[in-house]
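Asks: Remember, our numbering sits 100 above the position in the sequence shown when you count from 1.
Glycine is no exception: its CB is placed at the ideal position from the N, C-alpha and C atoms.
Note that the structure is predicted; figures quoted are calculated from it, not measured.
Here you go, one structure.
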Amino acid sequence: MRFSDANFPLTADGRTYHVGSKLGDTANLILTVGDPARAALIAQSHLQNTTTVTSKRGFVTITGNYRNHRLSIVAIGMGMPMMDFFVREVRAVTTGPLFIIRFGSCGSISLNAPVGSVAVVTEGAVAVTRNFDYFQTNSQSQTLFQPYNISGIAKPDFFLTNHLLAKISEAATSSTENTPVSTGINVTADSFYSSQARTDSRFPSDDNDELLNTIRNKFPAAITLEMETFMLLHLANSVGVPSLKKNRGRNEDDADPSLKIHAAAAMMVFADRVGGEMKKTDVPSSTKLVSKGNKRRRPEIVAVTKDHEIRGNNKQTTASNEETFDDMIDDDGSGDDDDEDDDDDDDDENNDGNGNNNNNDDVDSVLDDSENDNAPEKPAAKKPRVAAKSSDSRYKLPTTEEIHALKETTDLFQSNLFKLQIDELLREATPDYTKSGPLDKTLHAIKNVLDSCESTPSLNLTDAIKTLRKHGVEIPFSRVDGPSPETTKYTFSFVKPSKVFIAGSYLVKTITKSRHGFNVDVAVHMPDDGFTEKDHLNNRYFHKRAYYLAVIAAALKESPAFNDTEISFQLLNKDPRRPVIAISLPTTALAAGFAGPGTAITIRVIPVVSPDLFSVHKLAPGRNNNRPSTDLKNNGSGSSIENFPPTPRYNSAILMDTGLIAHLNAMHSRAAA
Numbered sequence: 101m102r103f104s105d106a107n108f109p110l111t112a113d114g115r116t117y118h119v120g121s122k123l124g125d126t127a128n129l130i131l132t133v134g135d136p137a138r139a140a141l142i143a144q145s146h147l148q149n150t151t152t153v154t155s156k157r158g159f160v161t162i163t164g165n166y167r168n169h170r171l172s173i174v175a176i177g178m179g180m181p182m183m184d185f186f187v188r189e190v191r192a193v194t195t196g197p198l199f200i201i202r203f204g205s206c207g208s209i210s211l212n213a214p215v216g217s218v219a220v221v222t223e224g225a226v227a228v229t230r231n232f233d234y235f236q237t238n239s240q241s242q243t244l245f246q247p248y249n250i251s252g253i254a255k256p257d258f259f260l261t262n263h264l265l266a267k268i269s270e271a272a273t274s275s276t277e278n279t280p281v282s283t284g285i286n287v288t289a290d291s292f293y294s295s296q297a298r299t300d301s302r303f304p305s306d307d308n309d310e311l312l313n314t315i316r317n318k319f320p321a322a323i324t325l326e327m328e329t330f331m332l333l334h335l336a337n338s339v340g341v342p343s344l345k346k347n348r349g350r351n352e353d354d355a356d357p358s359l360k361i362h363a364a365a366a367m368m369v370f371a372d373r374v375g376g377e378m379k380k381t382d383v384p385s386s387t388k389l390v391s392k393g394n395k396r397r398r399p400e401i402v403a404v405t406k407d408h409e410i411r412g413n414n415k416q417t418t419a420s421n422e423e424t425f426d427d428m429i430d431d432d433g434s435g436d437d438d439d440e441d442d443d444d445d446d447d448d449e450n451n452d453g454n455g456n457n458n459n460n461d462d463v464d465s466v467l468d469d470s471e472n473d474n475a476p477e478k479p480a481a482k483k484p485r486v487a488a489k490s491s492d493s494r495y496k497l498p499t500t501e502e503i504h505a506l507k508e509t510t511d512l513f514q515s516n517l518f519k520l521q522i523d524e525l526l527r528e529a530t531p532d533y534t535k536s537g538p539l540d541k542t543l544h545a546i547k548n549v550l551d552s553c554e555s556t557p558s559l560n561l562t563d564a565i566k567t568l569r570k571h572g573v574e575i576p577f578s579r580v581d582g583p584s585p586e587t588t589k590y591t592f593s594f595v596k597p598s599k600v601f602i603a604g605s606y607l608v609k610t611i612t613k614s615r616h617g618f619n620v621d622v623a624v625h626m627p628d629d630g631f632t633e634k635d636h637l638n639n640r641y642f643h644k645r646a647y648y649l650a651v652i653a654a655a656l657k658e659s660p661a662f663n664d665t666e667i668s669f670q671l672l673n674k675d676p677r678r679p680v681i682a683i684s685l686p687t688t689a690l691a692a693g694f695a696g697p698g699t700a701i702t703i704r705v706i707p708v709v710s711p712d713l714f715s716v717h718k719l720a721p722g723r724n725n726n727r728p729s730t731d732l733k734n735n736g737s738g739s740s741i742e743n744f745p746p747t748p749r750y751n752s753a754i755l756m757d758t759g760l761i762a763h764l765n766a767m768h769s770r771a772a773a
C-alpha cells in the first residue's frame, strides 16, 4: 500500500489512512455514532441503495438515500482521537459545507437528565483532560498543578441544533413512552475511567473523587458526560479559521466558507453517574443491512482491498459531495422516498451522472422521522418531468438566512405581524453598515493624527495655557469641588498615546439611531508615564486629563483633514470632571449613506488609563480623595483626613476611565459568543 504524504497520508486511490474513505464515499449530511452495529441498525431502518466502507482501523461508513438525500452514517468508535480522525479525514475527501450530527450514549451528572432521556447539547461542550504534570513523582507536582484540566465551552451550530431539538422533542412527545428531553452543556472526557470520575482501587492516584463536584460548580448547566462531542464542536469551530499565532485579530468570520462544518449533538442517557443506575445499551452483534419488505436490499460485497472492504448493492451509488444547504430544499416539500422499482427515467431525473441526488429538501425533512416511515409501501406514481426553473432571482430557492428567518417567525415571534413590526423598527433604528465608508475614512484620519502626536516636555500651568491658546484651544479644566488648577504646583506633560482603538458599540454593530443621531467612540490610552502615584488626589488626575485632551484637540484642529469639521468639548455623562472631544460630522456627506438623511454623527475621543494605574482600594466608595486643602493645618478646625466626608462620585469617575478596556473586551466576547 503506497501513501502519498506522511503529513496527511492517502492511499494510491485517494483513500484516507484511518477512516478509509475517498472522494464520493461520504455525503455532506452525516450522522455519526460510536457502535458499528448501531450504524447498521439505523441504516437498515432508514436508508436505501447503500454502500459500505469498512476500514482496518474500525471505522464504518454507510452511505445511502434518505428522503431524496444522500446521507452517511459513520461509526467511529470511542474517544476524542477517533473523532479527530473522522472529522479531519472526512473533511479532506468532501467538498462544500458539511452537516454533522453526533448521536451517541452518555452518562448523566444532573437530575435534569434522567436515565432513558435524550440529551441535546444546546449550550456547548467542555473538555476534561488529565493534567499529566500533576501525576509526576516529584513532591512539587501536587502543589503546583491540579489533576484535571477543564476547558472553556465549544459552541454547537445554532441553526442545526435548534432543528435537532425541535425534531427530537416532537418525536419524544408523540411516542407512547413520552421520552424526556433535556438540554444543557456536555462534558467530554479524555478517558472512560479517571477523567469521568470513576474510582478504581487499582489506581488510587487518579485523585478524582471531587472531579464531578468541580465540574458542576464551574458549569452548573452541565448535564452529560461522554468522550466525543467536544472534539466535534471544537473542530467545527476551527476548520478554515486562520492561524491565531500568525493572525492576532482573527475571528470565525475569517474562516473559509467552503470548509464550513455545521455540527450538533444529542445522546441517549444510559447511566446515572450520581445515583449509580446503568441501563443496558447493547445492539445485537448480528445486526446487518437486511431487506425490509420490498424496499431494503441486502448489500453485497463488490470490492475488497488489502485495507478496506467496500460494500454496495446492485444499484451502485457514488457522488461528488458538492451539496450545499441551499441545495437541500425540496421542490414539493413531500420528502417521500423514491420507490426502488421506479423506471430508469425517474432515476435519471433524480440523479446526475455521478450519482448525485439533485432533488432538494429542507433539513427538517432530513431530521424528520415520520410515523409513516414504517407504513406499508404503496406503488408510487411516476413523477412528471418538471421544466427547468427560471434563472430570475425572484424564483431562487431561499438562502440559509431566509429559512432561519421563516423559522423564527413561527417559533419565536408567534406572529407575522409582530415580526414585521420588529423588523421595521430595527430597520429604522439600525445604520446601514455596508455604507460606512465616509465614517470609516474619518476614523482612520483621527487615528493617523493621534499616532503622529509626539511627546512634549513638562510645562507649568501658565505655560501650558499659553501654548494651547496659540492653537485656539482652552484647556477644559473642571472647576467643581476641590482645588482649582491655579493653586497647583505640579507640571503638565503630554506623552504619546500608547494605543488608539474604537470603543463602544460601533465595531460589534449594535449602534441604534435616535432623533439626535448617534455617537462613535474612539478611546485614547494615556500612558502611565504621564501620572504619579498620588494623582488620584484633589483633582490632579482630572487636571492632567484635561490638558492631555486639549493637546489632542489642538492636533486635530491643525490637521487639514478636519478643516471643515466642528471640534469641541463635551461632558461625558454630564460629568464636568470628564470632558471628551466631540467631532461633529456634516450630515450632507452621509445623508444618502450610512446614517440616513439628516442624521447627526458625533465622534467622541475619550481618554482612558490602565486599570492598575491607581490602587483600587484607594478609590473605594468610603474613601476621601478630594480634600478642601492639601494643608490640613490651614483648615481652621484642626480636623484629620479621617474626618473628611467620602467622595464616592469622585472616586467612581476615575474608576470609569480605568474600566473602558475591560468593558470593550467583554462586549466583543459576548458578541462573538
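#1: Considering only C-alpha positions, which residue in the set Arg569, Met331 and Phe319 is nearest to Ala289?
#2: Buried or exposed, going by whether 16 or more other CB atoms sit within 10 Å of the CB of Met428?
#3: Bridge partners of Glu666, per DSSP?
#4: Is it a yes or a no for the segment 143-157 touching the segment 213-225, going by three-plus beta-carbon pairs under 8 Å?
#5: For Thr530 and Phe203, what's the separation of their Cα atoms in angstroms?
#6: Work out the CA separation of Phe186 and Ala112 for me, nearest whole Å.
#7: Pairs of beta-carbons, one from the segment 289-303 and one from the segment 256-272, closer than 8 Å: are there three or more?
#8: Spatial neighbours of Arg298 within its chain, please: C-beta separation below 8 Å, excluding the five flanking residues on both sides.
#9: Taking the beta carbon of His768 as the centre, do at least 16 other beta carbons fall within 10 Å, making it buried, or is it exposed?
#10: Closest by CA to His334, which one among Ile323, Asn313 and Ala363?
#11: Would you kindly work out how many angstroms separate the C-alpha atoms of Tyr533 and Asn128, rounded to a whole number?
#12: Going by other Cβ atoms of all chains shown within 10 Å of its Cβ, with 16 needed for buried, is Asn107 buried or exposed?
#13: According to the neighbour-count rule (16 or more other Cβ atoms, all chains shown, within 10 Å of its Cβ), is Asp664 buried or exposed?
#14: Short check: CB of Leu550 to CB of Ile652, under 8 Å?
#15: How big is the Cα-Cα spacing for Asp540 and Ala646?
#16: What does the alpha-carbon distance come out to for the pair Phe669 and His625?
#17: Any contact of the segment 698-717 with the segment 611-628, i.e. 3+ C-beta pairs under 8 Å?
#18: The alpha helix (DSSP H) spanning Arg645 covers which residue range?
#19: Under 8 Å, with one C-beta from each stretch per pair, do the segment 559-567 and the segment 585-601 reach the 3-pair mark?
#20: Just curious, the alpha helix (DSSP H) that Met183 is in, first and last residue?
#21: By how many angstroms is the C-alpha of Ser145 removed from the C-alpha of Thr126?
#22: My understanding is that Ala175 touches Gly134, with C-beta atoms under 8 Å, so please give their C-beta distance in whole angstroms.
#23: Are Leu719 and Asn743 touching if we call contact CB-CB under 8 Å?
#24: Quick one, which of Ala661, Ala254 and Tyr641 has its alpha-carbon nearest Pro538's?
#25: Are the CB atoms of Gly582 and Asn673 within a distance shorter than 8 Å?
#26: 8 Å is my cut-off, CB to CB: does Ser584 come that close to chain C?
#27: Given Tyr117, which residues of its chain have a CB within under 6 Å of its CB, disregarding the five upstream and five downstream residues?
#28: Please identify the residue among Phe518, Asp372 and His636 whose C-alpha is closest to the C-alpha of Cys206.
#29: Along the chain, where does the alpha helix (DSSP H) that runs through Glu326 open and close?
#30: To the nearest angstrom, how far is the alpha carbon of Asn337 from that of Asp523?
#31: Measure the Cβ-Cβ separation of Leu656 and Ile667 and say whether it is below 8 Å.
#32: My guess is that Gly284 and Ala322 are in contact by the Cβ rule of under 8 Å, so how many angstroms apart are they, rounded?
#33: Report the CB separation of Val595 from Ile546 in whole angstroms; it is logged as a contact under 8 Å.
#34: Once you ignore the five residues that flank Phe577 on each side, which residues in its own chain have a CB closer than 7 Å to its CB?
#35: Indicate the three-state DSSP secondary structure (helix, strand or coil) for Asp439 in the structure shown.
#36: Run the CB neighbour count on Arg778, radius 10 Å, all protein chains shown included, and call it buried at 16 or more, exposed below.
Replies: From the atom records:
#1: Met331
#2: No answer about Met428 holds up, because its pLDDT of 35 lies below 50 and its placement is not dependable.
#3: Ser684
#4: no
#5: In this structure, the straight-line span from the alpha carbon of Thr530 to that of Phe203 is close to 40 Å.
#6: Ala112 and Phe186: Cα-Cα distance of roughly 20 Å.
#7: no
#8: Cβ within range, chain order: Phe292 and Asn308.
#9: That one is exposed.
#10: Ala363
#11: 33 Å
#12: That one is exposed.
#13: exposed
#14: A contact, by the Cβ cut-off of 8 Å.
#15: 27 Å
#16: Cα-Cα distance, rounded: 18 Å.
#17: yes
#18: Arg640 to Glu658
#19: They touch, by the three-pair rule.
#20: Met180 to Ala192
#21: 19 Å
#22: 7 Å
#23: no
#24: Ala661
#25: no
#26: Absent from the structure: chain C. Only one protein chain is present.
#27: Pro109
#28: Asp372
#29: Note, Glu326: premise wrong, no alpha helix (DSSP H); beta strand (DSSP E) at Ala322 to Glu326.
#30: Asn337 and Asp523 have their C-alpha atoms spaced approximately 29 Å apart.
#31: yes
#32: So it is a contact: roughly 6 Å between Cβ atoms.
#33: Between Ile546 and Val595 the Cβ distance is about 19 Å, and since that is not below 8 Å, they are no contact.
#34: Pro585, His643 and Ala646
#35: For Asp439, the predicted model reports a pLDDT of 41, less than 50, meaning its position is unreliable; a value from the coordinates is still stated below. Coil, per DSSP.
#36: Limits of the chain in this structure are 101 at one end and 773 at the other, which puts residue 778 out of reach.
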